[in-house]
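**Student:** Per the numbering used here, residue 5 is the first one in the sequence shown, and the count goes up by one each step.
This is the structure I have questions about; it appears just below.
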Amino acid sequence: MIETMLYPFQFPFMQNAFWICLLVAPPTALLSCFLVLKGWALMGDAVSHATLPGIVLAWILGLPLIIGAFGAGMLCALATGYLAHNSRVKQDTVMGVVFSGMFGIGIIMYTSIHTNEHLDHILFGNMLGVGSADLWTSGLIALLVTTLLILKWKDLLLHAFDPAQAQASGLPTNVLHYGLLSALSLTIVSTLSSVGLILAVALLVTPGAIAFLIVRSFDKMLIVAVGICMVSMLVGTYASFFLDSSPAATIVLVLTAIFVLAFVRRLHVTRKTSRIASEKA
């Protein structure tokens, strides 16, 4: 029984998959808290999909894929902000237009390339094909993003709740705004080799949403989100070995199941509190 349970850890490709889970979980979970708090859930989806044309263009030019992904992600974020501030259209609508347009361009470029190298792993991820270079890239990005978010989480929290108060307090609001967008783009780059573009949005939204349902203070929300994301990624990867399923898709299903449980629990607590309050009245 024990040998069967430890069987996945004997394979180098599974060991790398577990390592990438531990590296990717902290930055994605921390970012998800800010995205949920600011109502930027669609921004994570937009930036992740918009990186595709940059990735394909970088491959054509012979550049590192992470450079193209980061450039396209920032272009999407900046274009969204510019259009939202200079038009009557709301930001969520602008994001939908920008990211769908860039994703469409990327799909056209992707299908037009005739090569022996498949870029499917960029879309759907390939956790079982993660190499040492991917681990180093994800690790360095994760360390940078996680460190910055931990050091500046109070400033980012004030900026998320009340940008006007943050500016009146002397905080560099523009630096915080574009710094968060840069961290988002970099984090998406770090997930390219593991969960891919399409499923990356789950890691950038669900952990924060779950933590939001469980706790009431933001500092605890950050800790809970990281723990849930890390456990979900490890459990999903481990279970995919025995289920013979996609690790990324299994991780997303685990996160979704935890969200449903957290939602049911919060609903039960809310109804119980309301019932007690009505009885006292």
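The beta-carbon is built from N, C-alpha and C at its ideal position, and this holds for glycine as well.
#1: Pro-68 lies in the alpha helix (DSSP H); which residues open and close that run?
#2: What would DSSP say about Val-102, mapped onto helix, strand or coil?
#3: Give me the Cα-Cα distance between Ala-170 and His-181, rounded to the nearest whole angstrom.
#4: Can you tell me the Cα-Cα spacing of Ala-288 and Asp-223, whole angstroms?
#5: For Ala-286, count the other beta carbons within 10 Å of its own beta carbon; 16 or more makes it buried, fewer makes it exposed. Which is it?
#6: Which residues bound the alpha helix (DSSP H) around Tyr-242?
#7: Taking the beta carbon of Thr-274 as the centre, do at least 16 other beta carbons fall within 10 Å, making it buried, or is it exposed?
#8: Three-state secondary structure (DSSP) at Lys-156?
#9: Using C-beta distances below 6 Å, list every residue in its chain close to Leu-153, excluding the 5 sequence neighbours before and after it, in chain order.
#10: Are Ser-173 and Leu-162 closer than 9 Å when you measure CB to CB?
#11: Looking at C-alpha atoms only, which residue of Gly-200, Thr-241, Val-219 is the closest neighbour of Asp-49?
#12: For Ala-45, I'd like the list of residues in its chain whose CB is within less than 6 Å of its CB, leaving aside the five on either flank, ordered along the chain.
#13: DSSP three-state call for Phe-38: helix, strand or coil?
#14: Alpha carbon to alpha carbon, how far is Leu-132 from Met-18? Give it in angstroms, no decimals.
#15: Can you tell me whether Phe-130 is helix, strand or coil according to DSSP?
#16: Measure the Cβ-Cβ separation of Met-106 and Leu-79 and say whether it is below 9 Å.
#17: Reducing DSSP to helix, strand and coil, say where Ile-117 ends up.
#18: In its own chain, which residues sit with a C-beta less than 6 Å from the C-beta of Gly-58, not counting the 5 before and 5 after it?
#19: Tell me the residue span of the alpha helix (DSSP H) that contains Thr-8.
#20: Check whether the segment 21-31 and the segment 215-234 touch, using three or more Cβ-Cβ pairs below 8 Å as the test.
#21: If you follow the alpha helix (DSSP H) that Arg-275 is in, where does it begin and where does it stop?
**Tutor:** A quick look at the data gives this:
#1: Here Pro-68 belongs to no alpha helix (DSSP H), and DSSP marks it neither H nor E.
#2: Helix, per DSSP.
#3: So the two alpha carbons sit approximately 11 Å from each other.
#4: Not covered by the structure: residue 288. The range shown for the chain is 5 to 285.
#5: Nothing about residue 286 can be read from this structure; the chain reaches only from 5 to 285.
#6: Looking at the DSSP string, the run of the alpha helix (DSSP H) that includes Tyr-242 is 222-247.
#7: So Thr-274 ends up on the exposed side.
#8: Here Lys-156 carries a coil assignment [DSSP, helix/strand/coil].
#9: Around Leu-153: Leu-34.
#10: Ser-173 places its beta carbon less than 9 Å from that of Leu-162.
#11: Residue Gly-200 is the option with its Cα nearest to Asp-49.
#12: Take Ala-45, set aside five residues on each side of it, and the residues of its chain with a beta-carbon closer than 6 Å to its own are Leu-39, Val-209, in chain order.
#13: Reduced to three states, the DSSP call for Phe-38 is helix.
#14: Rounded to whole angstroms, Met-18 to Leu-132 spans 6 Å at the Cα level.
#15: This sequence places Asn at residue 130; Phe is not what is there. Coil, per DSSP.
#16: Yes. Within cutoff.
#17: Reduced to three states, the DSSP call for Ile-117 is coil.
#18: Taking C-beta separations shorter than 6 Å and ignoring five residues to either side along the sequence, the partners of Gly-58 in its chain run Gly-72, Ala-73, Gly-75, Ala-76, following chain order.
#19: For Thr-8, the uninterrupted alpha helix (DSSP H) run begins and ends at 6-10, by DSSP.
#20: They touch, by the three-pair rule.
#21: From DSSP, the alpha helix (DSSP H) with Arg-275 extends over 251-284.
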